[in-house]
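For the record, the sequence lines run as chains A and B.
Counting along the first sequence from 1, when you hit position 198 you're at 210 in my numbering, and nothing is skipped either side.
Counting along the second sequence from 1, when you hit position 197 you're at 213 in my numbering, and nothing is skipped either side.
For every residue, glycine included, the Cβ atom is placed at its ideal position computed from N, Cα and C.
Contents: one structure, followed by commentary.
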Amino acid sequence: MVAAVAMIAFFAPEDADQGLSQKIFYFHVPIALTAYACFGWGAWKALLHLWKRRPGADLESYVAVHQGVIFGALTLVTGSIWAKISWGVWWAWSSNQLVLFLVLFLFYAAYFMLRFSVEPGPRRANLSAVYALFGVALIPVSFLAIRLANDFIHPTVFTSHGPQMSGRMFATFCVSWAAMLLLVGTLYHVELAGKRLDSRLRELRELLA
Amino acid sequence: MSYLSDVAALARKDLRLELRARDTLPAMLLFVISTLVVFHFTLPQGGSRLAAFGLLWVALVFTALLGLTRAFAAEREGEVLDGLVLAPSDRSAIWLGKAIAMLVFLVAAEAVALPAFALFFDPGIDGRTLLGVALADLGICTVGTLLAGMAAASRARELLLPLLFLPLAIPIVIGGVGTSVAGGGRYVELLVLYDAIFAIICWASFEYVVTE
Chain A
13 MVAAVAMIAF
23 FAPEDADQGL
33 SQKIFYFHVP
43 IALTAYACFG
53 WGAWKALLHL
63 WKRRPGADLE
73 SYVAVHQGVI
83 FGALTLVTGS
93 IWAKISWGVW
103 WAWSSNQLVL
113 FLVLFLFYAA
123 YFMLRFSVEP
133 GPRRANLSAV
143 YALFGVALIP
153 VSFLAIRLAN
163 DFIHPTVFTS
173 HGPQMSGRMF
183 ATFCVSWAAM
193 LLLVGTLYHV
203 ELAGKRLDSR
213 LRELRELLA
Chain B
17 MSYLSDVAAL
27 ARKDLRLELR
37 ARDTLPAMLL
47 FVISTLVVFH
57 FTLPQGGSRL
67 AAFGLLWVAL
77 VFTALLGLTR
87 AFAAEREGEV
97 LDGLVLAPSD
107 RSAIWLGKAI
117 AMLVFLVAAE
127 AVALPAFALF
137 FDPGIDGRTL
147 LGVALADLGI
157 CTVGTLLAGM
167 AAASRARELL
177 LPLLFLPLAI
187 PIVIGGVGTS
197 VAGGGRYVEL
207 LVLYDAIFAI
217 ICWASFEYVV
227 TE
């Protein structure tokens, strides 16, 4: 994490067009990709829950989605700041990625509404898992849909010809992404440990009562 | 063949209930007409034809939502969902039968809504729009029925369904508006893709929505 910040500050060359503000790219894009990774991981755990009935997979799926929503909100904030600096507006509907994140944010916010309005138990685990699976199907479909619905103002950095940036920029980007993944991994384990402790405590309390 | 006959029996049950009680379809019809009248006053004079098409899609999605909130109401009130789940047939037949019944309701509402829309706004409805509406209906009913089943299991029920449904309906709206105003084959392809993907997921996962 520290290495990533240092590289962003000193190592990566400044963008010819956008100057210093381009550096937010090294936060914004890794955060966004990390959020996708969280949603994917959550859906994978949901699938494991439905398919193999693995105990604990439901909780893991929930924690992954929770982290994903936090990183998704961060993506919206950093994206909005970047849009203000480079396009002069806080919100641009023409930016496909931002709109997609807004849709996903709404979708996963509904996931929490669903989860908190069903009694804890196997039923809730099933419903959450099915909804999380809907999420990974929704990501590519809405991506296509939003892309169709808009013109292309957003700079497409990754094309089929590989990343369109210089070597040093790419190296910084990779380190920064790795740092984000490490961060989310740590947060995931911390939250999971907390939640497990919480549920064990509750079981104990029920035993004693 | 028994799967199909189960589905047919379940769909027929819902349609017959509706014929006798008439508590969903009249509400949907009245709602869509009043929405269109409200839209007439929200759209300023000389508002474009394209804007009118956008409002048509808003009206259709919300009308469908109104019907879907009632989808599992009869089962819940009569507490027969557990009986249906225990019946010796594939659980996804419950979903498919319900989705077919909802599709019939929605098409019936649209059979009134589209002529009314043409009358009020004079937008020039063409075959592409009809195709878009038909494909969107499929997506709305497949996804909406499953989500209605989910919402029926929660405490919040009617409140929850729009929250669950609207983010998932955004691709449908984009595809539908696209076929009406931009008229591209790619929008039709998007709708077909959406219908196919989500129909498969719903069909495979409905069992987990109604069982523990």
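Assuming residue i and residue j form a contact by the criterion Cβ under 8 Å, report the distance between their Cβ atoms to the nearest whole angstrom.
| i | j | result |
| --- | --- | --- |
| residue 121 of chain A | residue 70 of chain A | Contact doesn't hold; Cβ gap of about 19 Å is too wide. |
| residue 214 of chain B | residue 155 of chain B | 6 Å |
| residue 117 of chain B | residue 43 of chain B | About 15 Å separates the two Cβ atoms, so there is no contact after all. |
| residue 181 of chain B | residue 163 of chain B | 5 Å |
| residue 69 of chain B | residue 197 of chain B | 5 Å |
| residue 111 of chain A | residue 36 of chain A | At roughly 19 Å, the Cβ-Cβ gap does not stay under 8 Å, so residue 111 of chain A and residue 36 of chain A are not in contact. |
| residue 40 of chain A | residue 91 of chain A | 6 Å |
| residue 130 of chain B | residue 141 of chain B | 6 Å |
| residue 101 of chain B | residue 227 of chain B | 6 Å |
Any chance the CB of residue i is under 7 Å from a heavy atom of the ligand PLP?
| i | result |
| --- | --- |
| residue 139 of chain B | With respect to the ligand PLP, the structure offers nothing, as it holds no ligand at all. |
Can the beta-carbon of residue i be found closer than 8 Å to that of residue j?
| i | j | result |
| --- | --- | --- |
| residue 83 of chain B | residue 122 of chain B | yes |
| residue 161 of chain B | residue 115 of chain B | yes |
| residue 148 of chain B | residue 66 of chain B | no |
| residue 130 of chain A | residue 169 of chain B | yes |
| residue 185 of chain A | residue 38 of chain A | yes |
| residue 77 of chain A | residue 144 of chain A | yes |
| residue 106 of chain B | residue 19 of chain B | yes |
| residue 177 of chain B | residue 81 of chain B | yes |
| residue 56 of chain B | residue 136 of chain B | yes |
| residue 150 of chain A | residue 119 of chain A | yes |
| residue 225 of chain B | residue 184 of chain B | no |
| residue 148 of chain A | residue 55 of chain A | yes |
| residue 104 of chain A | residue 193 of chain A | no |
| residue 128 of chain B | residue 45 of chain B | yes |
| residue 67 of chain A | residue 189 of chain A | no |
| residue 95 of chain A | residue 89 of chain A | no |
| residue 125 of chain A | residue 31 of chain B | no |
| residue 108 of chain B | residue 223 of chain B | yes |
| residue 124 of chain B | residue 41 of chain B | yes |
| residue 217 of chain B | residue 51 of chain A | no |
| residue 109 of chain A | residue 47 of chain A | no |
Near-chain B residues of the stretch 138-153 of chain A - C-beta to any C-beta below 8 Å: For the stretch 138-153 of chain A, the set of positions with a beta-carbon nearer than 8 Å to some beta-carbon of chain B reads 138, 139, 141, 142, 143, 145, 146, 149, 150 and 153 in chain order.
Could you tell me whether the stretch 185-194 of chain B touches the stretch 65-80 of chain B, where touching means 3 or more Cβ pairs closer than 8 Å? Taking a cut-off of 8 Å for Cβ pairs, the stretch 185-194 of chain B and the stretch 65-80 of chain B touch, as three or more such pairs fall below it.
Are three or more beta carbon pairs between the stretch 62-78 of chain A and the stretch 198-217 of chain A nearer than 8 Å? Yes, since at least three Cβ pairs between the stretch 62-78 of chain A and the stretch 198-217 of chain A fall closer than 8 Å, the two stretches touch.
What residues from the stretch 203-219 of chain B come within 8 Å of chain A, judged by C-beta to C-beta, listed N to C? Contact residues of the stretch 203-219 of chain B toward chain A are 203, 206, 209, 210, 213, 214 and 217 (C-beta to C-beta distance below 8 Å).
Within the stretch 75-134 of chain A, note down every full alpha helix (DSSP H) run reaching 4 residues or more, in order along the chain. As for any alpha helix (DSSP H) of minimum length 4 sitting wholly inside the stretch 75-134 of chain A, the runs are 108-128, ordered along the chain.
4-residue-minimum alpha helix (DSSP H) runs that sit fully inside the stretch 88-170 of chain B, ordered along the chain: Qualifying alpha helix (DSSP H) stretches, in chain order: 89-94, 97-102, 108-137 and 143-168.
Could you list the residues in the stretch 116-134 of chain A with a C-beta less than 7 Å from some C-beta on chain B, going in chain order? Of all residues in the stretch 116-134 of chain A, 118, 119, 122, 125, 126, 129, 130 and 134 have a Cβ within less than 7 Å of some Cβ in chain B.
So does the stretch 131-140 of chain A actually touch the stretch 105-116 of chain A, counting three or more Cβ pairs closer than 8 Å? Short answer: they don't touch.
Three or more C-beta pairs under 8 Å: does that hold for the stretch 106-114 of chain B against the stretch 23-40 of chain B? Contact holds: three or more Cβ-Cβ distances are below 8 Å.
At a Cβ cut of 7 Å, what residues of the stretch 165-193 of chain B count as close to chain A, listed as they run along the chain? Residues passing the 7 Å Cβ filter: 166, 169, 170, 171, 172, 176, 179, 180, 183, 184, 186, 187, 190 and 191.
Inter-stretch contact at 8 Å, needing at least 3 Cβ pairs: the stretch 202-219 of chain A / the stretch 86-93 of chain B: Contact between the stretch 202-219 of chain A and the stretch 86-93 of chain B is absent, because fewer than three Cβ pairs lie under 8 Å.
Residues of the stretch 55-67 of chain A in Cβ contact with chain B at a cutoff of 8 Å, in chain order, please. Here the close residues are 62.
For a minimum of 4 consecutive residues, which ranges assigned as the alpha helix (DSSP H) are wholly contained in the stretch 35-71 of chain A? If we require 4 residues or more, the alpha helix (DSSP H) runs fully inside the stretch 35-71 of chain A come out as 37-64.
Closer than 7 Å, Cβ to Cβ, to anything on chain A: give me those residues from the stretch 97-120 of chain B, in chain order. Taking 7 Å as the Cβ-Cβ cut-off against chain A, none of the residues of the stretch 97-120 of chain B qualify.
Residues of the stretch 18-37 of chain B with a CB closer than 7 Å to any CB of chain A: list them in chain order, please. Considering only beta carbons, no part of the stretch 18-37 of chain B lies closer than 7 Å to chain A.
Under 8 Å (Cβ pairs) to chain A, residues found in the stretch 46-74 of chain B: Those would be none; no residue qualifies.
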